[in-house]
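Asks: Protein chains in written order, with numbering that gives the first Met the number 0: chain X, 0 to 354; chain Z, 0 to 354.
Number of protein chains: 2
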Amino acid sequence: MDPEVVQIIDQRVLPHQLAVVDLRSHHDAVMAIKEMWVRGAPLIGATAAFGCYLGALEAPEKGLHHHMQTVYSDLHKTRPTAVNLSWALDRVRKAVADLQTKSDLIKMTMAVAQDIVEEDVKICRDIGLHGLSLIETMHHSNERSPVQILTHCNAGRMATIEWGTATSPIYHAHERGIPLHIWVDETRPRNQGARITAWELGERGIPHTVIADNTGGLLMRQGKVDLCLVGTDRTASNGDVANKIGTYLKALAAHHNNVPFYVALPSSSIDWNASSGDDIPIEERDPEEITHISGFDGEVIRRVQLTPGESAALNLGFDITPAEFVTALITERGICPASEQGIRSLFPEGNYCPT
Amino acid sequence: MDPEVVQIIDQRVLPHQLAVVDLRSHHDAVMAIKEMWVRGAPLIGATAAFGCYLGALEAPEKGLHHHMQTVYSDLHKTRPTAVNLSWALDRVRKAVADLQTKSDLIKMTMAVAQDIVEEDVKICRDIGLHGLSLIETMHHSNERSPVQILTHCNAGRMATIEWGTATSPIYHAHERGIPLHIWVDETRPRNQGARITAWELGERGIPHTVIADNTGGLLMRQGKVDLCLVGTDRTASNGDVANKIGTYLKALAAHHNNVPFYVALPSSSIDWNASSGDDIPIEERDPEEITHISGFDGEVIRRVQLTPGESAALNLGFDITPAEFVTALITERGICPASEQGIRSLFPEGNYCPT
Numbered sequence: 000m001d002p003e004v005v006q007i008i009d010q011r012v013l014p015h016q017l018a019v020v021d022l023r024s025h026h027d028a029v030m031a032i033k034e035m036w037v038r039g040a041p042l043i044g045a046t047a048a049f050g051c052y053l054g055a056l057e058a059p060e061k062g063l064h065h066h067m068q069t070v071y072s073d074l075h076k077t078r079p080t081a082v083n084l085s086w087a088l089d090r091v092r093k094a095v096a097d098l099q100t101k102s103d104l105i106k107m108t109m110a111v112a113q114d115i116v117e118e119d120v121k122i123c124r125d126i127g128l129h130g131l132s133l134i135e136t137m138h139h140s141n142e143r144s145p146v147q148i149l150t151h152c153n154a155g156r157m158a159t160i161e162w163g164t165a166t167s168p169i170y171h172a173h174e175r176g177i178p179l180h181i182w183v184d185e186t187r188p189r190n191q192g193a194r195i196t197a198w199e200l201g202e203r204g205i206p207h208t209v210i211a212d213n214t215g216g217l218l219m220r221q222g223k224v225d226l227c228l229v230g231t232d233r234t235a236s237n238g239d240v241a242n243k244i245g246t247y248l249k250a251l252a253a254h255h256n257n258v259p260f261y262v263a264l265p266s267s268s269i270d271w272n273a274s275s276g277d278d279i280p281i282e283e284r285d286p287e288e289i290t291h292i293s294g295f296d297g298e299v300i301r302r303v304q305l306t307p308g309e310s311a312a313l314n315l316g317f318d319i320t321p322a323e324f325v326t327a328l329i330t331e332r333g334i335c336p337a338s339e340q341g342i343r344s345l346f347p348e349g350n351y352c353p354t
Numbered sequence: 000m001d002p003e004v005v006q007i008i009d010q011r012v013l014p015h016q017l018a019v020v021d022l023r024s025h026h027d028a029v030m031a032i033k034e035m036w037v038r039g040a041p042l043i044g045a046t047a048a049f050g051c052y053l054g055a056l057e058a059p060e061k062g063l064h065h066h067m068q069t070v071y072s073d074l075h076k077t078r079p080t081a082v083n084l085s086w087a088l089d090r091v092r093k094a095v096a097d098l099q100t101k102s103d104l105i106k107m108t109m110a111v112a113q114d115i116v117e118e119d120v121k122i123c124r125d126i127g128l129h130g131l132s133l134i135e136t137m138h139h140s141n142e143r144s145p146v147q148i149l150t151h152c153n154a155g156r157m158a159t160i161e162w163g164t165a166t167s168p169i170y171h172a173h174e175r176g177i178p179l180h181i182w183v184d185e186t187r188p189r190n191q192g193a194r195i196t197a198w199e200l201g202e203r204g205i206p207h208t209v210i211a212d213n214t215g216g217l218l219m220r221q222g223k224v225d226l227c228l229v230g231t232d233r234t235a236s237n238g239d240v241a242n243k244i245g246t247y248l249k250a251l252a253a254h255h256n257n258v259p260f261y262v263a264l265p266s267s268s269i270d271w272n273a274s275s276g277d278d279i280p281i282e283e284r285d286p287e288e289i290t291h292i293s294g295f296d297g298e299v300i301r302r303v304q305l306t307p308g309e310s311a312a313l314n315l316g317f318d319i320t321p322a323e324f325v326t327a328l329i330t331e332r333g334i335c336p337a338s339e340q341g342i343r344s345l346f347p348e349g350n351y352c353p354t
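1. Quick one: give me the first and last residue of the alpha helix (DSSP H) that residue 296/X is part of.
2. In the DSSP output, which residue or residues are listed as bridge partners for residue 247/X?
3. Go through its chain and collect everything with a Cβ distance to residue 338/Z's Cβ below 7 Å, but skip five positions before and after it.
4. Helix, strand or coil for residue 54/X, going by three-state DSSP, please let me know.
5. Applying a beta-carbon distance threshold of less than 8 Å, which residues of chain Z neighbour residue 296/X?
6. By how many angstroms is the C-alpha of residue 305/Z removed from the C-alpha of residue 293/Z?
7. So, under 8 Å CB-CB, residue 229/X and residue 210/X are touching, yes? Tell me the CB distance rounded to an integer number of Å.
8. Looking only at its chain, what residues have a beta carbon closer than 7 Å to the beta carbon of residue 247/Z, apart from the 5 residues adjacent to it on each side?
9. CB residue 110/Z to CB residue 48/Z, shorter than 7 Å?
10. Could you name the residues of chain Z that residue 292/X contacts, counting a contact when the two beta carbons are closer than 8 Å?
11. Any C-beta of chain X sitting closer than 7 Å to the C-beta of residue 198/Z?
12. Would you list the residues sitting across from residue 317/X in a DSSP beta bridge?
13. Residue ranges of each alpha helix (DSSP H) run of no fewer than 4 residues wholly in the stretch 1 to 71 of chain X, ordered along the chain?
14. Could you please give me the residues that DSSP links to residue 329/X through a beta bridge?
15. Quick check on DSSP: helix, strand or coil for residue 231/Z?
16. In chain X, which residues lie less than 9 Å from residue 224/Z when you measure between Cβ atoms?
17. Tell me which residue opens and which closes the alpha helix (DSSP H) that residue 113/X is part of.
18. Which same chain residues end up closer than 7 Å to residue 125/Z when comparing Cβ atoms and leaving out the 5 residues on each side of it in sequence?
19. Looking at the C-beta of residue 323/Z, does it have a partner C-beta in chain X at a distance below 7 Å?
20. Is there contact here, the stretch 137 to 149 of chain Z with the stretch 111 to 119 of chain Z, by at least three beta-carbon pairs under 8 Å?
21. Mind reading off the beta-carbon distance from residue 195/Z to residue 22/Z? Whole number of angstroms is fine, and I expect it under 8 Å.
22. Relative to chain X, which residues along the stretch 115 to 129 of chain Z have a C-beta separation below 9 Å, given in chain order?
23. Skipping 5 residues on each side, what residues in its chain have a beta carbon closer than 8 Å to that of residue 25/X?
24. Hey, is the stretch 216 to 235 of chain Z in contact with the stretch 150 to 159 of chain Z, meaning 3+ C-beta pairs nearer than 8 Å?
25. With residue 281/Z as the anchor, note down where its beta strand (DSSP E) starts and where it stops.
26. Give, in chain order, every residue of the stretch 240 to 251 of chain X whose Cβ lies closer than 7 Å to some Cβ of chain Z.
27. Would you report the Cα separation of residue 241/Z and residue 188/Z, rounded to the nearest angstrom?
28. Roughly how many whole angstroms lie between the Cα atoms of residue 161/Z and residue 18/X?
29. Rounded to a whole number of angstroms, what is the C-alpha to C-alpha distance between residue 96/X and residue 64/X?
30. Mapping DSSP to helix, strand and coil, what is residue 151/X?
31. So, does the CB of residue 309/X fall closer than 7 Å to a CB anywhere in chain Z?
32. Assuming residue 282/X contacts residue 78/X under a Cβ cut-off of 8 Å, what Cβ separation, rounded to an integer in Å, is found between them?
33. Of all the CB atoms in chain Z, is at least one closer than 7 Å to the CB of residue 351/X?
34. With DSSP run on the structure shown, which of helix, strand or coil describes residue 186/Z?
35. Helix or strand or just coil, what does DSSP make of residue 73/Z?
36. Using a Cβ-Cβ cutoff of less than 7 Å, which residues in the same chain neighbour residue 94/Z once the five nearest sequence positions on both sides are dropped?
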């Protein structure tokens, strides 16, 4: 493998193509995050760390840190909502602060990026083992078979390195033979559910059904959802959750139909500086993601227009689900109430930085 | 105009094409309703009545009523949720019950269909004038400018003959110079909002913005929605409302954010036999409406696949919004609470059949 190349999967063309793309500069990493070739809070963090490594390769022998400031800044500006991005950049920044040579900088940025990847695998596995207990309980109570789980967007292994966050309990339950059926919200406008979550679940042979985002409320009223399980791009210290636009609507429906609503997250997604969801910036993306859509016509991926040419569109990427509608948070250290006290009970040290 | 032809607009290709299609048999009318060339509860009723007229043209001189039974039955089976369909068919059936000749049958079916059309225009205009008062009040209170209205699906003139139901108050307010801005839910899977409502509003020069169905909850939290205004395919006698899938989620969000949620309906959409929403059948449509989508590629309308080929999809067409989340019903006779008492206060005679 070329040590000056970082390889990613271009998720924009899933499930129709599995395209591996080479990133050769920190600008490539910026593009990959900004244009959502990679997405999902943990994977954004990991890609940013590898972007720092690519930036280190480009660094002049003199003015190393000046150069890296530009690299951090370019990467930081890509997407505003996922806090893992600044978490990963801060980690690199601290690790390289005292280094003097380019070769040390290259080695350390690679080491931090690899650490983030290894930790991510472990963290996601642990989230899965904790979340598994909730699915097991649901399976044993009332002998629900299959356990029906609704998920929104993609918080699967394509959003992380392995296991995923919200999907990790699902994979663990499936491996243990618990019968499952997953309702997959298509997740407009980028359809990460219909494209990526459905593809991931299919790869593992897990029964699932894709639904329009509009459908979950009715399914909950009909008693066809046992629990909801989603990821998050940033969780405020009071337990308010920022996740893909539309998550809030599902949480409201869950609340009104007594369906448990769980959010799975690595602690790197907790923003200790955000006292509530009101402090979390909401990304506004290109309206063309609403007015146009891409799909497979049997031969190639084509982009078509959905709306009248004269009509404006607004594309808000995330919404805030107030903590009161979140049954519990599932973290790598265990399950806790979505509240400041709950989060502190698992993370008394506050700002979590693995050693 | 050929008296043996009924012309419709094929709404499947809006806004990219304005295609007028000739219906030449009752089977054509069946196809037009079933495949959603026409849609929207009032327009389905009117098209069914014209389908009876086309059926009358096909009738043998002997066995008129036996033939018409087949016509009613074919039309009735097209779509289950909109009650206007059976309402219109019942009206034709009663009107022709005693007729003996084919020429009388043809004249009477045409007369009933034309009556339904004329009444629809008047009813929708009256709904608009009653609903206008709510928008005027919102405009004057707190000097909200523009008044921001969220609507779901299409309850506009393309769902009726003229004015629309939910859009009628909007058109009337716009004509009176009240500044408006409409949030248009795209309304997956068939995108009647993004395609038809956006096109209708654009035709009238009414400012509007298309949003993913996932977005309305956040906008309400942000205080950017002054009221919600939707139509209905069937309203139970207790005020529960069946409307396009996803309506329920918006009603929940409106409830939690103190945003008034209004449902506009002609009394032909009231099902006096349904004591609650639980009595209303929910149409399940072809999953390909979820897995595939059509759009304009600049030259032609193309259909592309969105999901992995192996993934199942479920396509439920409507959901039930419990009356407790409906601020009021706007009918042709005025505004009333969404309750049995409220509805009876405007329609004490029950099953409404205009004279």
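Built from N, CA and C at the ideal position, the CB exists for glycine as well.
Replies: Well, looking at it:
1. Residue numbering aside, residue 296/X sits at position 297 when the first sequence is read from its first letter. Where residue 296/X is concerned, there is no enclosing alpha helix (DSSP H), given that its DSSP letter is neither H nor E.
2. In the first sequence, residue 247/X corresponds to position 248, counting from 1. Looking at the DSSP assignment, residue 247/X forms no beta bridge with any residue, so it has no partner.
3. Counted from its first residue, the second sequence places residue 338/Z at position 339. Excluding positions up to five away in sequence, the list reads 237, 238, 322.
4. Residue numbering aside, residue 54/X sits at position 55 when the first sequence is read from its first letter. Look at residue 54/X here: in three-state DSSP terms it is helix.
5. Taking the first sequence and counting its residues from 1, the one referred to as residue 296/X is at position 297. Simply 301, 302, 303, 304.
6. As a first step, residue 293/Z must be located in the second sequence, where it is residue number 294. As a first step, residue 305/Z must be located in the second sequence, where it is residue number 306. If I take the Cα positions, the gap works out to 10 Å.
7. Within the first sequence, numbered from 1, the residue matching residue 229/X stands at position 230. Within the first sequence, numbered from 1, the residue matching residue 210/X stands at position 211. Not confirmed; about 15 Å, so no contact.
8. Against the second sequence, residue 247/Z aligns to sequence position 248. By the criterion of a C-beta distance shorter than 7 Å, residue 247/Z is surrounded in its chain by 318, 319, 320, once the five residues flanking it on both sides are discounted.
9. Indexing the second sequence from 1 puts residue 110/Z at position 111. Indexing the second sequence from 1 puts residue 48/Z at position 49. Going by C-beta atoms, residue 110/Z is not nearer than 7 Å to residue 48/Z.
10. Indexing the first sequence from 1 puts residue 292/X at position 293. Contact annotation for residue 292/X against chain Z: 292, 294, 303, 305 [CB-CB distance below 8 Å, chain order].
11. On the second sequence, position 199 is the one that residue 198/Z refers to. Yes, residue 198/Z counts as interfacial toward chain X.
12. The count along the first sequence starts at 1 and reaches residue 317/X at position 318. Under DSSP, residue 317/X forms a beta bridge with 243/X.
13. The stretch 1 to 71 of chain X contains these whole alpha helix (DSSP H) runs: 25 to 33, 40 to 57.
14. Along the first sequence, one-based indexing puts residue 329/X at 330. BP columns for residue 329/X point to 263/X, 334/X.
15. Stepping through the second sequence from its first residue, residue 231/Z is reached at position 232. It is coil, neither helix nor strand.
16. Locating residue 224/Z in the second sequence gives position 225, counting from the first residue. In chain order: nothing, as chain X lies at least about 12 Å away.
17. In the first sequence, counting from the first residue as 1, residue 113/X sits at position 114. Counted as a single uninterrupted DSSP element, the alpha helix (DSSP H) harbouring residue 113/X occupies residues 101 to 139.
18. The sequence position of residue 125/Z within the second sequence is 126, counting from 1. In the same chain as residue 125/Z, and ignoring 5 residues on each side of it, the C-beta atoms closer than 7 Å to its own belong to 331, in chain order.
19. Working through the second sequence from its first residue, we reach residue 323/Z at position 324. Look at residue 323/Z: its C-beta is not under 7 Å from any C-beta on chain X.
20. Cβ pair count under 8 Å is below three, so no.
21. Here residue 195/Z corresponds to residue number 196 of the second sequence, with the count starting at 1. Here residue 22/Z corresponds to residue number 23 of the second sequence, with the count starting at 1. At roughly 19 Å, the Cβ-Cβ gap does not stay under 8 Å, so residue 195/Z and residue 22/Z are not in contact.
22. Residues passing the 9 Å Cβ filter: none.
23. One-based indexing of the first sequence puts residue 25/X at position 26. For residue 25/X, where only same-chain residues beyond five positions count, the Cβ hits under 8 Å are 50, 51, 53, 54, 57, 70, 73, 74.
24. Because the criterion of three Cβ pairs below 8 Å is met, the stretch 216 to 235 of chain Z and the stretch 150 to 159 of chain Z touch.
25. The residue you call residue 281/Z lines up with position 282 of the second sequence. Annotation for residue 281/Z: no beta strand (DSSP E) segment contains it, and DSSP assigns it neither H nor E.
26. Here the close residues are 244, 245, 247, 248, 251.
27. Stepping through the second sequence from its first residue, residue 241/Z is reached at position 242. Stepping through the second sequence from its first residue, residue 188/Z is reached at position 189. Going by C-alpha positions, residue 241/Z is about 17 Å away from residue 188/Z.
28. Start at 1 with the first residue of the second sequence, and residue 161/Z comes out as number 162. Start at 1 with the first residue of the first sequence, and residue 18/X comes out as number 19. Near 50 Å, if we compare the C-alpha coordinates of residue 18/X and residue 161/Z.
29. The residue you call residue 96/X lines up with position 97 of the first sequence. The residue you call residue 64/X lines up with position 65 of the first sequence. About 8 Å.
30. Taking the first residue of the first sequence as position 1, residue 151/X is located at position 152. Coil at residue 151/X, not helix or strand.
31. As a working note, residue 309/X is residue 310 in the first sequence. Any Cβ of chain Z closer than 7 Å to the Cβ of residue 309/X would place that residue at the interface, and such an atom is present.
32. If you number the first sequence from 1, residue 282/X lands on position 283. If you number the first sequence from 1, residue 78/X lands on position 79. So it is a contact: roughly 6 Å between Cβ atoms.
33. Numbered from its first residue, the first sequence carries residue 351/X at position 352. Model confidence at residue 351/X stands at a pLDDT of 47, short of 50, so the residue's coordinates are unreliable; what they give is reported in the following sentence. No, residue 351/X does not count as interfacial toward chain Z.
34. The count along the second sequence starts at 1 and reaches residue 186/Z at position 187. Coil.
35. Against the second sequence, residue 73/Z aligns to sequence position 74. In the structure shown, residue 73/Z sits in a helix (DSSP, three-state: H, G or I).
36. Position 95 of the second sequence, counting from 1, holds the residue named residue 94/Z. Within the same chain, 107, 111 come within 7 Å of residue 94/Z by CB-CB distance, once the 5 residues on both sides are set aside.
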